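So the sequence shown is numbered by the numbering used here: it starts at 138 and just counts up by one. The structure appears right after this line, and notes come after that.
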Amino acid sequence: MTDLKFLEYLEGFLTDSRKEKFLKILENRTNHFTIAMEDVYQLHNTSAVMRSCEVFGIQELNVVEQKFGKRIDTEIAMGAQKWVDINRFNTMQNCIDALREKGYQIIATTPHNDSCLLHEFDISKRSALFFGTEKQGLSQEVIDQADGYLKIPMVGFTESLNISVSAAIIIQDITSRLRQSKIDWKLNDDEILAKRLAWTKNSIKDIKRIEERYYSQQ
Numbered sequence: 138m139t140d141l142k143f144l145e146y147l148e149g150f151l152t153d154s155r156k157e158k159f160l161k162i163l164e165n166r167t168n169h170f171t172i173a174m175e176d177v178y179q180l181h182n183t184s185a186v187m188r189s190c191e192v193f194g195i196q197e198l199n200v201v202e203q204k205f206g207k208r209i210d211t212e213i214a215m216g217a218q219k220w221v222d223i224n225r226f227n228t229m230q231n232c233i234d235a236l237r238e239k240g241y242q243i244i245a246t247t248p249h250n251d252s253c254l255l256h257e258f259d260i261s262k263r264s265a266l267f268f269g270t271e272k273q274g275l276s277q278e279v280i281d282q283a284d285g286y287l288k289i290p291m292v293g294f295t296e297s298l299n300i301s302v303s304a305a306i307i308i309q310d311i312t313s314r315l316r317q318s319k320i321d322w323k324l325n326d327d328e329i330l331a332k333r334l335a336w337t338k339n340s341i342k343d344i345k346r347i348e349e350r351y352y353s354q355q
């Protein structure tokens, strides 16, 4: 549970416009969808997908670091790392299991023949959308355990898109449709309070000293 008194204390360090902006953005945040990235080698792709999550309102990004460690390219992420939750996993199986436990269906993004076209994708179910590596796509481990498959319709000679481009197209489409639907997709009150606290902390430069001073006076 979020310490409301502590939150109110910290928000005293923010301007009214900053606090209002947090509330406005949180109105459009969702955990109905989440994104998972499998061992993406190119650093800029991880950062770009994170930026797409932030821009289009997806709160959590799951990163599997089975082979390659993931740092964040702050220049490409453009500050998105302060506002999006990054869940890191050592193995793909751990990631899949954790997301299933949260109630997500596993959706593999792949040009597989049995894949659902993007505009036909059922947005009503909580879904974790998995994106694969730049060259090889998703691993067989994800393909075999997926509850469904999704692809972007393409009409050119090229059979695939860069992972960050694919993610941006899919995220924009499904979140736009979600907001126009009657689905209960918004963050609940506890999730909103938790994000207000996290974002407020991220906005205060000397947060550790301020936090220590607050609790020493309690």
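Here a beta-carbon is modelled for each residue, glycine too, at the ideal position from N, C-alpha and C. Computed from a predicted structure; not experimentally measured.
Handout entry: Range of the contiguous alpha helix (DSSP H) that encloses L160
Key = D153 to L163
Exercise for the section: Evaluate the contact criterion for the region 150-169 versus the region 335-351: three or more CB pairs, one atom per stretch, below 8 Å. Expected result: yes
Exercise for the section: Report the partner residues of V200 according to the DSSP bridge assignment. Expected result: M174 and R225
Handout entry: Strand pairing of T246, partner residues [DSSP]
Key = L287
Problem - Residue of G240, L330 and D343 minimising C-alpha distance to L141 - result: L330
Practice task
With 8 Å as the threshold, decide whether the Cβ of E257 is near any Cβ in chain D.
Solution key: The chain labelled as chain D is not found in the depicted structure, where only one protein chain is given.
Exercise for the section: Have a look at S353 and E202 and give me their C-alpha separation to the nearest angstrom. Expected result: The C-alpha of S353 lies about 38 Å from the C-alpha of E202.
Exercise for the section: Please name the residue or residues paired with A265 in a DSSP beta bridge. Expected result: T171 and I243
Handout entry: Backbone secondary structure at T295 - three-state DSSP
Key = coil
Practice task
Ignore the nearest five residues each way along the sequence and tell me which others in A214's own chain have a CB closer than 7 Å to its CB.
Solution key: With a pLDDT of only 42 at A214, under 50, the local geometry of the prediction cannot be trusted, and the value read off the model is given with reservation. S184, M187 and R188, listed in sequence order.
Problem - Residue range of the unbroken alpha helix (DSSP H) whose run includes E349 - result: I344 to S353
Problem - In chain order, each beta strand (DSSP E) run of at least 3 residues that lies wholly inside the region 308-339 - result: Fully enclosed beta strand (DSSP E) runs of 3 or longer: not present.
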